[in-house]
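Here is the structure we will look at, set down as structure tokens.
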Amino acid sequence: MPSVMSSAFEKSQWGLTPHALHELGRAMASRDVTPWLPAIATGIGSMPRLTSRLGAIKLFEDDYETAIDLQKEPAKPKEKKEQDTEDLKKCLAESLAKKPSRGLLQVTDGDDRLLIQTARSRGERFLSDVILPLCKLVIRNTDFVANICTTLSEEASQQWLSGASVRSFTGGIIDFLAREISDHCALQAANKSKTAWFQPMQDSAYSMSMLSISTDAYRKPLSWRAISTLLCLCEKLELYDHVSKLLQPMIEIAHSAGVGDHTEFLVPLLQSLSDDLTESRHSLKHYQSLFQEVLLSYIKDLVGLKPTPPNDWSRKMKNDTCYGSLSQSKFSRNDGICDDCSAFNDFLAAPDRSEWRLKAAEPRRKYIDRLHYGLDVKTSLDKSEKPFTLIVSKTDESYRSMLNSWHGRRRSLISVFDYIGPEKLNLLLADHSDALM
Numbered sequence: 001m002p003s004v005m006s007s008a009f010e011k012s013q014w015g016l017t018p019h020a021l022h023e024l025g026r027a028m029a030s031r032d033v034t035p036w037l038p039a040i041a042t043g044i045g046s047m048p049r050l051t052s053r054l055g056a057i058k059l060f061e062d063d064y065e066t067a068i069d070l071q072k073e074p075a076k077p078k079e080k081k082e083q084d085t086e087d088l089k090k091c092l093a094e095s096l097a098k099k100p101s102r103g104l105l106q107v108t109d110g111d112d113r114l115l116i117q118t119a120r121s122r123g124e125r126f127l128s129d130v131i132l133p134l135c136k137l138v139i140r141n142t143d144f145v146a147n148i149c150t151t152l153s154e155e156a157s158q159q160w161l162s163g164a165s166v167r168s169f170t171g172g173i174i175d176f177l178a179r180e181i182s183d184h185c186a187l188q189a190a191n192k193s194k195t196a197w198f199q200p201m202q203d204s205a206y207s208m209s210m211l212s213i214s215t216d217a218y219r220k221p222l223s224w225r226a227i228s229t230l231l232c233l234c235e236k237l238e239l240y241d242h243v244s245k246l247l248q249p250m251i252e253i254a255h256s257a258g259v260g261d262h263t264e265f266l267v268p269l270l271q272s273l274s275d276d277l278t279e280s281r282h283s284l285k286h287y288q289s290l291f292q293e294v295l296l297s298y299i300k301d302l303v304g305l306k307p308t309p310p311n312d313w314s315r316k317m318k319n320d321t322c323y324g325s326l327s328q329s330k331f332s333r334n335d336g337i338c339d340d341c342s343a344f345n346d347f348l349a350a351p352d353r354s355e356w357r358l359k360a361a362e363p364r365r366k367y368i369d370r371l372h373y374g375l376d377v378k379t380s381l382d383k384s385e386k387p388f389t390l391i392v393s394k395t396d397e398s399y400r401s402m403l404n405s406w407h408g409r410r411r412s413l414i415s416v417f418d419y420i421g422p423e424k425l426n427l428l429l430a431d432h433s434d435a436l437m
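Just so we're aligned, residue 1 is where the sequence shown starts under UniProt numbering, counting upward by one.
Dropping the structure here:
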């Protein structure tokens, strides 16, 4: 029977139902649990939501223990019953961190609190045996992982949890996260791409081997709040080597970052670190390299991306697609471009022409009027005599739009400087302070 159950669970997306758990818990109270453990672990591990797994485990254990307590005559020797109970609880706990048969494990708000509640009754081993591999399984959800680490640090004074265990757990999480981000950097460099870091992370070589195939739905983007929280927590726990390990991939991000990475991730990270570290009275000196690299690269991108005004009247041409059948003119070129398209493109390419006038019937005017969208031109109509004349005038709208965006980014950077303050900036930027300010 257990082997049949295991096979069925492996093919099932949802695994064990509450009714099945209830019946199994009661039935197994009087039997040897060892043959059933693989099937139970497979059933729990097939559930795609962590909340469902936690609820199923509690339900199963309650029914199992209740059934044992209600037995008038123990069906097992005391030693065997205790061993079975221990084996079963270990199996159920480890099934929490199993990869579901389809996609990634889904965690929701409140799951971190439920895990900690479970850990209180299980002891410190639950951290290394269950919660650590579970956090690695959902490492992309940095907010969830940071909440777990923060809550554990607050629990360190409780009887069930030592400070050494919290330090070991947090260090393991930081090491794994740093490696995951570094793998992403390497993948990005290999693909010669600039994927925005505030967007969901791609699968690294490590996570691909660990998670097999994952779905886009649960690839979480890096959270600057979570990264700041984890760095400050390392400072609090005096895990200075791990601070350096996590800072290094942040600096790698700054090396290859685009403007979007700065505004959506890196700059908010600096602001959050500035606040959190000052509030906790930790030194900012460890973070000089990060602040310098982020701000220097941001300014470099801003200066490098500052648009320059066009130096003549040549403008971007339309593509080679020609809808000549809509035009009243005849095809006159070997490449299939109609007379009107040819004249329009010649006008766009001409560096000394700012206006083109097309005196033609309405179908031809409408045809050209449709072509100008997305280009730096505007149209008007001269109705002084028939046929009417379509007037196409070149503009510098693209340049003005890019310039406005650049000024917006510049204002954002100045606001960052104002937010952090001159004293902190002088400390953080060191020799680069005068040049940046």
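Yeah, the Cβ is synthetic: ideal placement off N, Cα and C, and Gly gets one too.
From a predicted model like this one, the values you see are computed outputs, not experimental measurements.
In the three-state scheme derived from DSSP, where H, G and I count as helix and E and B as strand, Val33 is classed as coil. Taking one beta carbon from each stretch, the stretch 371-387 and the stretch 273-285 have fewer than 3 pairs nearer than 8 Å; the two do not touch.
With fewer than 16 other CB atoms across the displayed protein chains lying within 10 angstroms of its CB, Glu362 is exposed. Put simply, the stretch 338-352 does not touch the stretch 397-411. Fewer than three CB pairs are less than 8 Å apart. For Leu54, the enclosing alpha helix (DSSP H) starts and ends at 50-70. The Cβ atoms of Val377 and Thr395 lie closer than 8 Å to each other. Inclusion of Phe144 and Asp112 in the CB contact set at 8 Å is warranted, their separation being smaller than that value.
The C-alpha of Leu427 is placed about 7 Å away from the C-alpha of Lys285.
DSSP links Leu137 through a beta bridge to no other residue.
The shortest C-alpha to C-alpha distance from Ser256 to any of Ala190, Met317, Leu269, Thr308 is the one to Ala190.
For Glu180, the enclosing alpha helix (DSSP H) stretches over residues 163-191. Excluding sequence positions up to five before and after Ser101, its CB lies within less than 6 Å of the CB of Ser46, all in the same chain and listed in chain order. According to the DSSP assignment, Arg364 belongs to the alpha helix (DSSP H) that extends over 362-371. For Asp382, DSSP records a beta bridge to Thr389. Considering only Gly123, Ala97, Asp87, Thr142, the residue with the shortest C-alpha distance to Asp109 is Thr142.
For Gly258 and Pro35, the gap between their C-alpha atoms comes out near 55 Å. When DSSP reads this structure, Glu355 sits in a beta bridge with Ser393. When the five nearest sequence neighbours on each side are left out, the beta carbons in the same chain lying within less than 6 Å of the beta carbon of Phe388 are those of Leu381, in order along the chain. Here DSSP, grouped into helix, strand and coil, assigns Pro268 to helix. Listed in chain order, the alpha helix (DSSP H) runs fully inside the stretch 217-301 are 224-236, 240-256, 267-279, counting runs of at least 4 residues.
Apart from the 5 residues on each side of it in sequence, Glu155 sits with its Cβ closer than 6 Å to the Cβ of Leu161 in its chain, given in chain order. Counting C-beta pairs with one atom in each stretch, the stretch 39-53 and the stretch 79-96 have three or more that are closer than 8 Å, which means they touch. In the DSSP assignment, Gln117 is bridged to no other residue. Here Gly163 is exposed, its C-beta having fewer than 16 other C-beta atoms within 10 Å.
By the CB criterion at 8 Å, Glu235 and Ser280 fall inside the cutoff. Val416 sits in a helix when the DSSP states are folded into three classes. Around the beta carbon of His19, fewer than 16 other beta carbons lie within 10 angstroms, which makes this residue exposed. The stretch 68-87 makes no contact with the stretch 128-140, as fewer than three CB pairs between them are under 8 Å. Shown here for Lys98: same chain residues with a beta carbon closer than 6 Å to its own, the five before and five after excluded, namely Gly45 in chain order.
For Asp87, the enclosing alpha helix (DSSP H) begins and ends at 78-95. Remark: C-beta atoms of Arg167 and Leu239 approach each other more closely than 8 Å. Spatial neighbours of Ala146 in its own chain (CB-CB distance under 6 Å, excluding positions within 5 residues in sequence) are listed in chain order as Ala226, Thr229, Leu230. Separation of the CB atoms of Asp69 and Gly25 is rounded to 12 Å, and the pair is thereby denied contact status at 8 Å. The beta carbon of Asp87 sits closer than 8 Å to the beta carbons of Val33, Thr34, Leu37 from its chain, once the five residues preceding and following it are set aside; these are given in chain order.
With respect to Leu54, Leu105 sits apart: the two C-beta atoms are not nearer than 8 Å. DSSP places Ile148 inside the alpha helix (DSSP H), whose first and last residues are 142-155.
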